[in-house]
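Here the sequence shown stands for residues 17 to 153, numbered as in our numbering. In this text, a Cβ means the ideal position worked out from N, Cα and C, and glycines have one as well. Values in this document were obtained by computation on a predicted structure and should not be read as measured data. Have a look at the structure below before the remarks.
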Amino acid sequence: MSACATFKEATIEERWEYCKKRNACFRCLMKRQFRHRCPTKPCGVDSCRGTHHRMLHNSERPPTSRSGSSTQESSCQAVVTSARPSKPKAHLKIVPIRLTGPKANIDTYALLDEGSTITLIDAAVAEAVGRLGRSLS
Numbered sequence: 017m018s019a020c021a022t023f024k025e026a027t028i029e030e031r032w033e034y035c036k037k038r039n040a041c042f043r044c045l046m047k048r049q050f051r052h053r054c055p056t057k058p059c060g061v062d063s064c065r066g067t068h069h070r071m072l073h074n075s076e077r078p079p080t081s082r083s084g085s086s087t088q089e090s091s092c093q094a095v096v097t098s099a100r101p102s103k104p105k106a107h108l109k110i111v112p113i114r115l116t117g118p119k120a121n122i123d124t125y126a127l128l129d130e131g132s133t134i135t136l137i138d139a140a141v142a143e144a145v146g147r148l149g150r151s152l153s
């Protein structure tokens, strides 16, 4: 989104709304499932430590009155950039499987991970079915 001309030309408020509607991470502007785990660093504009992208930073400050009156008026604006549910849920892909080996057959479950490059098995389960393999530490 940060490369999109329409996004760049939008006001700060419009950018925030755009991100909310598209369920985008406020830190990296990419569509994410777990925004609270985004590794992108905080904003950094004017030493801002906010959990938002630089393009979402609102540097406008309300004007301060320097008159001699003793009454001061201030305005406050609060913006929630992200919220964590009280009970986060994760949906994992698991399937029932049967492990077959020289010692035994075991019915169990396997976790499917499309991003994984290796297959792992608990050492105790591998030993129970009679399979040997390399141990990873």
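So for residue i, helix, strand or coil by DSSP?
i	result
L72	helix
A21	helix
G84	Reliability of the predicted coordinates at G84 is poor, the pLDDT of 46 falling under 50, and the value obtained from them is presented with this limitation in mind. Looking at G84 - three-state DSSP - the assignment turns out to be coil, as it is neither helix nor strand.
P79	In this predicted model, P79 has a pLDDT of only 43, less than 50, meaning its place in the structure is not dependable; the value taken from the coordinates is given anyway. In this structure, P79 counts as coil in the three-state DSSP scheme.
In terms of residues, what are the limits of the beta strand (DSSP E) holding residue i?
i	result
R114	K109 to T116
Between which two residues does the alpha helix (DSSP H) carrying residue i extend?
i	result
R31	I28 to K37
Given that a residue counts as buried once 16 or more other Cβ atoms are within 10 Å of its Cβ, and exposed if not, what is residue i?
i	result
L152	exposed
R43	buried
C20	exposed
H107	exposed
R31	buried
L127	exposed
S86	The predicted model places S86 with a pLDDT of 48, which falls under 50 and marks its position as unreliable; any figure quoted below should be read in that light. So S86 counts as exposed.
L72	buried
L45	buried
List the whole-angstrom C-beta distance separating residue i from residue j, where the pair is believed to meet the contact cut-off of C-beta under 8 Å.
i	j	result
Y125	I137	Not really, about 12 Å apart at Cβ, beyond 8 Å.
N74	I28	5 Å
G149	A142	6 Å
Curious, which full-length beta strand (DSSP E) runs of at least 3 residues does the segment 124 to 149 contain? Within the segment 124 to 149, not a single complete beta strand (DSSP E) segment reaches 3 residues in length.
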